[in-house]
Amino acid sequence: KNEVEQSPQNLTAQEGEFITINCSYSVGISALHWLQQHPGGGIVSLFMLSSGKKKHGRLIATINIQEKHSSLHITASHPRDSAVYICAVSLSNDMRFGAGTRLTVKP
Amino acid sequence: DAGVIQSPRHEVTEMGQEVTLRCKPISGHNSLFWYRQTMMRGLELLIYFNNNVPIDDSGMPEDRFSAKMPNASFSTLKIQPSEPRDSAVYFCASSFVGLETQYFGPGTRLLVL
């Protein structure tokens, strides 16, 4: 079993829909990261969080340390949000990555 | 700031050849990371440096891989000899402190024939 599990693997939405991507992990972590990988391959770090909730524009990330679970929400989704979203966790001296969720937002 | 700079952006080589990937982190960042991404295995952390010192290289696949950071503004990842299974995109990232928010370079797409 992977230490970091993401769901769903693939997600197709209509423009304007509210989107949720989930991440569960099975190891003790110091922080959790959400990354966005664009169709061209570039990777951008969206959030790093160790507790609670963070918001940036239309993106919201939450984490529940007790349940070892995090969610990434996108409000009012737009075709430019189409990308692969990757959940990653920081261990003491290492990182583990989820397999990614491929999001397609149709106009 | 120009962000993290990687070179070359693309590399095609033959099996057995030496490959050297280069990375310039963001100025002022103290930590540098090398990652590999493949379709089969996704993203993997190979090694990371803190203040130019390797902290954890347990992700380095085998002795054919080596990484150096001779100063705060430059790092190399070397594969010698290269094999077809090394074909992947190699990302370099840097952060101000340890495993905090990281800034990724554009990646080097390596194809070993």
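Order-wise, the sequence lines are chains V and C. Here my numbering is used: the first residue of the first sequence is 495, the next is one more, and so on. Here my numbering is used: the first residue of the second sequence is 89, the next is one more, and so on. Using N, Cα and C, we set each Cβ at its ideal position, and we do this for glycine too. These numbers come from a predicted model, not from an experiment.
Short CB-CB distance (under 8 angstroms) between residue i and chain V
| i | result |
| --- | --- |
| valine 185 of chain C | no |
| tyrosine 178 of chain C | no |
| glycine 195 of chain C | yes |
| glycine 116 of chain C | no |
| leucine 198 of chain C | no |
| phenylalanine 192 of chain C | yes |
| glutamate 188 of chain C | yes |
Beta-carbon proximity list for residue i, same chain, < 8 angstroms, skipping 5 on both sides
| i | result |
| --- | --- |
| methionine 103 of chain C | Pro169, Ser170, Glu171, Pro172, Val200 and Leu201 |
| leucine 585 of chain V | Val521, Gly522, Ile523 and Ser524 |
| lysine 166 of chain C | Glu106, Val107, Thr108, Leu109, Phe153, Ser154, Ala155 and Lys156 |
Own chain, CB closer than 7 angstroms to residue i, minus 5 neighbours either side, in chain order
| i | result |
| --- | --- |
| glutamate 497 of chain V | Tyr519, Ser520, Val521 and Arg590 |
| glutamate 509 of chain V | Ser571, His572, Pro573, Val599, Lys600 and Pro601 |
| alanine 189 of chain C | According to the sequence displayed, residue 189 of chain C carries threonine and not alanine. Ser183, listed in sequence order. |
| phenylalanine 179 of chain C | Tyr123, Gln125, Phe192, Gly193 and Gly195 |
| valine 209 of chain C | Lying outside 89 to 201, the shown extent of chain C, residue 209 of chain C is not represented and no answer is given. |
| glutamate 132 of chain C | Tyr123, Arg124 and Gly147 |
| asparagine 140 of chain C | Met157, Asn159 and Ala160 |
| methionine 542 of chain V | Ala525 and His527 |
| alanine 176 of chain C | Arg124, Gln125, Thr126 and Leu198 |
Beta carbon proximity, residue i to chain C, threshold 8 angstroms
| i | result |
| --- | --- |
| glycine 536 of chain V | yes |
| aspartate 575 of chain V | no |
| serine 501 of chain V | no |
| isoleucine 580 of chain V | yes |
| alanine 593 of chain V | yes |
| asparagine 558 of chain V | no |
Extent of the continuous beta strand (DSSP E) to which residue i belongs
| i | result |
| --- | --- |
| lysine 547 of chain V | 546-550 |
| serine 154 of chain C | 153-159 |
| arginine 590 of chain V | 589-591 |
| proline 172 of chain C | Proline 172 of chain C -> no beta strand (DSSP E), and no H or E assigned at all. |
| arginine 596 of chain V | 595-600 |
| alanine 555 of chain V | 553-558 |
| alanine 582 of chain V | 577-584 |
| valine 498 of chain V | 498-501 |
| glutamine 531 of chain V | 525-531 |
| leucine 114 of chain C | The amino acid occupying residue 114 of chain C in the given sequence is isoleucine; leucine does not appear at that position. From DSSP, isoleucine 114 of chain C is part of no beta strand (DSSP E); its letter is neither H nor E. |
| leucine 133 of chain C | 130-138 |
Beta-carbon contacts of residue i that lie in its chain and below 6 angstroms, excluding the five residues immediately before and after
| i | result |
| --- | --- |
| phenylalanine 137 of chain C | Leu120 and Met157 |
| threonine 569 of chain V | Phe512 and Arg552 |
| serine 544 of chain V | Ala525 |
| valine 100 of chain C | Leu199 |
| threonine 514 of chain V | Ser565 and His567 |
If you pair each beta-carbon of the stretch 155-173 of chain C with each one of the stretch 114-123 of chain C, do three or more pairs fall below 8 angstroms? yes
Three or more beta-carbon pairs under 8 angstroms between the stretch 570-586 of chain V and the stretch 106-114 of chain C, yes or no? Proximity of the stretch 570-586 of chain V to the stretch 106-114 of chain C falls short of the contact definition, fewer than three beta-carbon pairs being nearer than 8 angstroms.
Taking Cβ-Cβ distances below 8 angstroms as the criterion, which residues of the stretch 505-522 of chain V are in contact with chain C? Of all residues in the stretch 505-522 of chain V, none places a beta-carbon less than 8 angstroms from a beta-carbon of chain C.
So if I threshold CB-CB distances at 9 angstroms, which residues from the stretch 130-149 of chain C count as touching chain V? If you check each beta-carbon in the stretch 130-149 of chain C against every beta-carbon of chain V, the ones closer than 9 angstroms belong to Gly130, Leu131, Glu132, Leu133, Tyr136, Ile143, Asp144, Ser146 and Gly147.
Members of the stretch 527-555 of chain V near chain C, C-beta cut-off 9 angstroms: His527, Leu529, Gln531, Gly534, Gly535, Gly536, Ile537, Val538, Ser539, Phe541 and Met542
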